[in-house]
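The sequence shown runs contiguously to residue 328 in the numbering used here. By construction, the Cβ of each residue, glycine as well, lies at the ideal position given by its N, Cα and C atoms. Note that the structure is a prediction, hence the values are computed from the model and not measured. As structure tokens, the structure follows; a few thoughts come after it.
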Amino acid sequence: MNFVPSYRAMSQKNEPGLWFIFWRQKLLASVERGNASIPYCKSPGELGLKPVRTCFVGDLDGTACYGAECAGQVSIPEGMIFHGLRRLFGSLADSHFWIAGRAREILDWERTHQYCSQCGAPLREKTDERAKVCPGCGLVNYPRISPAIIVAVIRGNEILLARALRFPNGFYSVLAGFVEPGESLEESVKREVREEVGIEIKNIRYFGSQPWPFPNSLMIGFTAEYAEGEISVDKNEIVDAGWFTAKTLPEKIPGKISIARRLIDWFTDSNANAGANPDH
Ligand SMILES: [Zn+2]
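In structure tokens, the structure reads:
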């Protein structure tokens, strides 16, 4: 995939493009035999839709990609349905899925940043970058991205997995949390682990990152080694946590869409031959 993000269309207007159209946070797509496709047209008007806002997202292999948001009552184009974006993972082409995520984040920002948060004046689009500027006080607003750390803590041939209060029964994942103002990523990783399960860690290493447009996070993944302490869950966010081997993983773990699963898969791949822990 060759995707070039941009705030302004480079190609000629009136050329057809991919339109990522949202209504109530759901994405318009047609699904046939498990394969979802995004409408390819000159404008949402061709589909009988009148969006309240649109944005340019970028070019995918030379094809313009747009975002659009509908509100109120809509007549859904024939053969298409508005789907929850996360449920389209695996049925949309990967490139289209992540461009849809970009479009959704930009549209969310456009909707929630119409007025200046400092003086209340209506914001104007900045012409030379993806930003909005206040004509009253000059405050510049960029799309809001909230960084969150996610970490696989390893002890020998075991991984630390926890069940958050909001997770369904039997579902466990690696620890994650939002970065606080003024904190480095490493400090954030240490604090989250200490707060949620009461242990200390060492050898924090960068693993990879992933945009998480539900609604506007950037997940920054790390691995770390157990240093000391006994697991003691905070009971507010985390209701249970434990050490698992590659052969004794919980019944339910995150799906392939997430970096959480990539971290768990990294652990199981590197411990494929390790023995089962008799404690579990
Ligand atoms: Zn202002």
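Pick helix, strand or coil for G82, following the three-state DSSP scheme. Along the sequence shown, one-based indexing puts residue 82 at 34. DSSP places G82 in coil when its eight states are reduced to three.
Would you mind reading off the limits of the alpha helix (DSSP H) that contains H144? Counted from its first residue, the sequence shown places residue 144 at position 96. That run of the alpha helix (DSSP H) goes 142–160.
Please list, in chain order, all residues of the same chain as E206 whose beta carbon is under 7 Å from its beta carbon, the five residues on each side excluded. Here residue 206 refers to the residue found at position 158 when the sequence shown is read from its first residue. Result list for E206: W291, F292, T293, N325, in chain order.
Considering only C-alpha positions, which residue in the set P92, D176, V245 is nearest to L208? Taking the sequence shown and counting its residues from 1, one reaches residue 208 at position 160. Here the closest residue by C-alpha is V245.
Would Y254 be called buried (16 or more neighbouring beta carbons within 10 Å of its own) or exposed? Indexing the sequence shown from 1 puts residue 254 at position 206. The residue in question, Y254, is exposed, as its Cβ has fewer than 16 Cβ neighbours within 10 Å.
Distance cut-off 7 Å: A169 Cβ against heavy atoms of ligand 1: As a working note, residue 169 is residue 121 in the sequence shown. Answer for A169: yes, Cβ within range of ligand 1.
Drop a sphere of 10 angstroms on the beta-carbon of H328, count the other beta-carbons inside from all chains shown, and report buried for 16 or more, exposed for fewer. As a first step, residue 328 must be located in the sequence shown, where it is residue number 280. Because H328 carries a pLDDT of 41, less than 50, the predicted location of this residue cannot be relied on, and the following value inherits that uncertainty. Burial call: exposed.
Where G127 falls: helix, strand or coil (DSSP): One-based indexing of the sequence shown puts residue 127 at position 79. In the structure shown, the three-state DSSP call for G127 is coil.
Quick one: does the C-beta of Q166 sit closer than 7 Å to a heavy atom of ligand 1? In the sequence shown, residue 166 corresponds to position 118, counting from 1. Q166 Cβ: within cutoff of ligand 1.
Burial state of P92, where buried means 16 or more other Cβ atoms lie within 10 Å: Locating residue 92 in the sequence shown gives position 44, where the first residue counts as 1. Burial call: buried.
Are A148 and F68 touching if we call contact CB-CB under 8 Å? As a position in the sequence shown, residue 148 is number 100, starting the count at 1. As a position in the sequence shown, residue 68 is number 20, starting the count at 1. Yes, the Cβ-Cβ distance between A148 and F68 is below 8 Å.
For P64, does the count of other Cβ atoms within 10 angstroms reach 16, so buried, or fall short, so exposed? The residue labelled residue 64 in the question sits at position 16 within the sequence shown. P64 comes out exposed.
At a cut of 8 Å, does the stretch 131–143 reach the stretch 167–182 through at least three beta carbon pairs? no
So is I20 buried or exposed if we call it buried at 16+ other beta carbons inside 10 Å? Residue 20 lies beyond the stretch modelled for the chain, which goes from 49 to 328, so this question has no answer here.
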